[in-house]
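Trainee: In terms of the numbering used here, the sequence shown opens at residue 113 and continues consecutively.
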Amino acid sequence: MRWKCICAYDGTDFDGWQRQPGGRAVQNYLEAALTQVFDRALQIQGSGRTDAGVHARGQCFHFDADWAHAPEKLIRALHSILPSSIRIHSLRPIGEDFHARFSVKGKRYIYRYYLGRADPVDDRYVWACRDLPLDLAAMQAAAEVLTGTHDFTAYSASHGKDSDPNPVKTVTRLALRRKGKHLRLDAEGSGFLYRMVRSFAGALYAVGRGRLSPGNIAEILESKQRTHRIVTAPAKGLFLDEVFY
Numbered sequence: 113m114r115w116k117c118i119c120a121y122d123g124t125d126f127d128g129w130q131r132q133p134g135g136r137a138v139q140n141y142l143e144a145a146l147t148q149v150f151d152r153a154l155q156i157q158g159s160g161r162t163d164a165g166v167h168a169r170g171q172c173f174h175f176d177a178d179w180a181h182a183p184e185k186l187i188r189a190l191h192s193i194l195p196s197s198i199r200i201h202s203l204r205p206i207g208e209d210f211h212a213r214f215s216v217k218g219k220r221y222i223y224r225y226y227l228g229r230a231d232p233v234d235d236r237y238v239w240a241c242r243d244l245p246l247d248l249a250a251m252q253a254a255a256e257v258l259t260g261t262h263d264f265t266a267y268s269a270s271h272g273k274d275s276d277p278n279p280v281k282t283v284t285r286l287a288l289r290r291k292g293k294h295l296r297l298d299a300e301g302s303g304f305l306y307r308m309v310r311s312f313a314g315a316l317y318a319v320g321r322g323r324l325s326p327g328n329i330a331e332i333l334e335s336k337q338r339t340h341r342i343v344t345a346p347a348k349g350l351f352l353d354e355v356f357y
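1) For Ala299 and Val216, what's the separation of their Cα atoms in angstroms?
2) Look at Trp361 and Ala177 and say whether their C-beta atoms are less than 8 angstroms apart.
3) Can you tell me the Cα-Cα spacing of Ile329 and Gly165, whole angstroms?
4) Whole-angstrom Cβ separation of Leu110 and Arg204, contact assumed at under 8 angstroms?
5) Quick one: give me the first and last residue of the beta strand (DSSP E) that Phe150 is part of.
6) Could you tell me the distance, in whole angstroms, from the CA atom of Tyr225 to the CA atom of Ala120?
7) Which class does Arg188 belong to by DSSP, given the choice of helix, strand or coil?
8) Which value, in whole angstroms, describes the spacing of the CA atoms of Phe264 and Ala240?
9) Please give me, in chain order, every unbroken run of the beta strand (DSSP E) with length at least 3 that falls completely inside the segment 242–293.
10) I believe Ile118 touches Cys172 by the beta-carbon criterion, under 8 angstroms. Please report the beta-carbon distance rounded to the nearest angstrom.
11) Using DSSP's beta-bridge definition, name the partner residues of His167.
12) Compare the beta carbon distance of Leu324 and Arg310 with 8 angstroms and say whether it is the shorter of the two.
13) What span of residues does the alpha helix (DSSP H) with Ser335 cover, start to end?
14) Is Ala255 near Leu316, with beta carbons less than 8 angstroms apart?
15) Leaving out five residues before and five after Trp179 in sequence, what residues of the same chain have Cβ atoms less than 6 angstroms from its Cβ?
16) Go through its chain and collect everything with a Cβ distance to Leu190's Cβ below 6 angstroms, but skip five positions before and after it.
17) With 16 other CB atoms within 10 Å as the buried threshold, where does His167 fall?
18) Within a Cβ cutoff of 6 angstroms, which residues of the same chain sit near Asp243, ignoring the five residues on either side of it in sequence?
19) By alpha-carbon positions, which one of Arg131, Ala153, Thr344, Phe175 ends up nearest to Ala266?
20) Determine the burial state of Ala318: buried for a count of at least 16 other Cβ atoms within 10 Å of its Cβ, exposed for fewer.
21) Relative to the C-alpha of Pro346, which residue among Arg321, Tyr357, Gln337, Gly314 is closest?
22) With a CB to CB cut of under 8 angstroms and the five nearest residues on each side skipped, what residues in its chain are close to Ala137?
23) Looking at the structure shown, is Pro346 part of a helix, part of a strand, or coil, going by DSSP?
24) Pull up the distance between the alpha-carbon of Gln337 and that of Met251, whole angstroms please.
25) Starting from the Cα of Met308, find the closest Cα among Tyr357, Arg220, Glu143, Thr124 and give me that residue.
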C-alpha cells in the first residue's frame, strides 16, 4: 500500500530535508519513526529537498507499507516518536502510480522579511531588514520581470551532480504582500532551481534598498550568468508552503 503524507517542520535545527549520514536531516527522523512503528526498515520519497534552516508547511512524501488501522492511528504513533519540530498534517492511501517527486506539477514557496528588528519569537522565521526603508513598488516591478518562462541560471546556485539539468522554469506568480512590519513574498511555479527562491528574495531586497533596479534584474536574467550582485537570502525566511499535483 502506498501512502501520501503532508508534513510541516521547523527547519532551524535540521540539516535540511535530504537524508544525511549524521542523521540530522528531516528525512532521517521520519524514516526512523516509520521504521520503529512498522518494525522494519522503511525509506520515504520526498517532493524535493529543502536546505538546512529552511522550513516547510506542506512538504509531501510517500512510502510503501501495509497498515491495517485508521490513518489517524498511524499519525498518532508517529507523533509519539517524532520531535515536536516535525508534524504530520495528513496521511492517506494513494495509487501506486503516484510519486511524491515525479508527480509534482508545481510548488509554492513563501519568503518572509521583517521590516525592522524582529522580536526573538519571530527572528528564526524571518529575514530582519533592520530599520532600513525598502522601496516596495520597485521590488514588485522587479518581481514582475522574473515572472514567466525563462532560463533562470543567473538566479540559481550550482549543486554538483544533483543540479537540475533544465534551467528553464515557469514562474506563474511572484508577488509581495505587506502587513505591518511583515513583508511576504509568494513564489509559485512549475519548479525551482537550487536556491532560486532565495536568490529572488535577495535580488528583490537589493532592489528595495536601491542597489539594483528592475532593469538590472532583467539584464542579469538575460545574461544567464550567476553574479556576485545577486546575494542569496538567509535560509530561515523561506518556507515550502505547498506542493501541487
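Cβ atoms here follow ideal geometry from the backbone N, Cα and C, with glycine treated the same way.
Mentor: Walking through what the data contain:
1) For the purposes of this step, residue 299 is taken as residue 187 along the sequence shown, with counting starting at 1. For the purposes of this step, residue 216 is taken as residue 104 along the sequence shown, with counting starting at 1. Approximately 16 angstroms, taken between the alpha carbons.
2) An answer regarding residue 361 cannot be provided, because it is not within the stretch 113 to 357 covered by the chain.
3) Locating residue 329 in the sequence shown gives position 217, counting from the first residue. Locating residue 165 in the sequence shown gives position 53, counting from the first residue. Here the alpha carbon of Ile329 sits roughly 26 angstroms from the alpha carbon of Gly165.
4) Since the first residue shown for the chain is 113 and the last is 357, residue 110 is missing from the structure and cannot be characterised.
5) Residue mapping note: residue 150 aligns to position 38 of the sequence shown, counting from 1. It is not in any beta strand (DSSP E) - Phe150 instead sits in the alpha helix (DSSP H) that spans 138–150.
6) The sequence position of residue 225 within the sequence shown is 113, counting from 1. The sequence position of residue 120 within the sequence shown is 8, counting from 1. Tyr225 and Ala120: Cα-Cα distance of roughly 20 angstroms.
7) Taking the first residue of the sequence shown as 1, we reach residue 188 at position 76. DSSP places Arg188 in helix when its eight states are reduced to three.
8) Residue mapping note: residue 264 aligns to position 152 of the sequence shown, counting from 1. Residue mapping note: residue 240 aligns to position 128 of the sequence shown, counting from 1. Distance between Phe264 and Ala240, taken at the CA atoms: about 26 angstroms.
9) Residue ranges of uninterrupted beta strand (DSSP E) with 3 or more members, entirely inside the segment 242–293 and ordered along the chain, are 260–263, 280–291.
10) Here residue 118 refers to the residue found at position 6 when the sequence shown is read from its first residue. Here residue 172 refers to the residue found at position 60 when the sequence shown is read from its first residue. Contact between Ile118 and Cys172 holds, with the beta-carbon distance rounding to 6 angstroms and staying under 8 angstroms.
11) Walking along the sequence shown from the start, residue 167 turns up at place 55. Looking at the DSSP assignment, His167 forms a beta bridge with Phe351.
12) As a working note, residue 324 is residue 212 in the sequence shown. As a working note, residue 310 is residue 198 in the sequence shown. Contact: no.
13) In the sequence shown, residue 335 corresponds to position 223, counting from 1. Per DSSP, Ser335 belongs to the alpha helix (DSSP H) from 326–335.
14) Taking the first residue of the sequence shown as 1, we reach residue 255 at position 143. Taking the first residue of the sequence shown as 1, we reach residue 316 at position 204. At the C-beta level, Ala255 and Leu316 come within 8 angstroms of one another.
15) Translated into positions along the sequence shown, residue 179 becomes position 67. If you ignore the 5 residues before and after Trp179, its C-beta comes within less than 6 angstroms of the C-beta of Leu186, all in its own chain and listed in chain order.
16) As a first step, residue 190 must be located in the sequence shown, where it is residue number 78. Excluding positions up to five away in sequence, the list reads Ala145, Ile200.
17) By 1-based counting over the sequence shown, the position of residue 167 is 55. His167 is buried by the Cβ-count criterion.
18) Numbered from its first residue, the sequence shown carries residue 243 at position 131. Only Gly228 meet the Cβ criterion.
19) Against the sequence shown, residue 266 aligns to sequence position 154. Checked all of Arg131, Ala153, Thr344, Phe175; the closest Cα to Ala266 is Thr344.
20) Working through the sequence shown from its first residue, we reach residue 318 at position 206. Buried: at least 16 other Cβ atoms inside 10 Å.
21) One-based indexing of the sequence shown puts residue 346 at position 234. Minimum Cα-Cα distance from Pro346 among the listed residues Arg321, Tyr357, Gln337, Gly314 corresponds to Gly314.
22) Along the sequence shown, one-based indexing puts residue 137 at 25. Same-chain partners within the cutoff: Phe126, Asp127, Gly128, Trp129, Gln130, Arg131.
23) The residue given as residue 346 occupies position 234 in the sequence shown. In the structure shown, Pro346 sits in coil (DSSP, three-state: anything other than H, G, I, E or B).
24) In the sequence shown, counting from the first residue as 1, residue 337 sits at position 225. In the sequence shown, counting from the first residue as 1, residue 251 sits at position 139. Here the alpha carbons of Met251 and Gln337 stand approximately 21 angstroms from one another.
25) Here residue 308 is taken as the residue at index 196 of the sequence shown, counted from 1. Per the Cα distances, Arg220.
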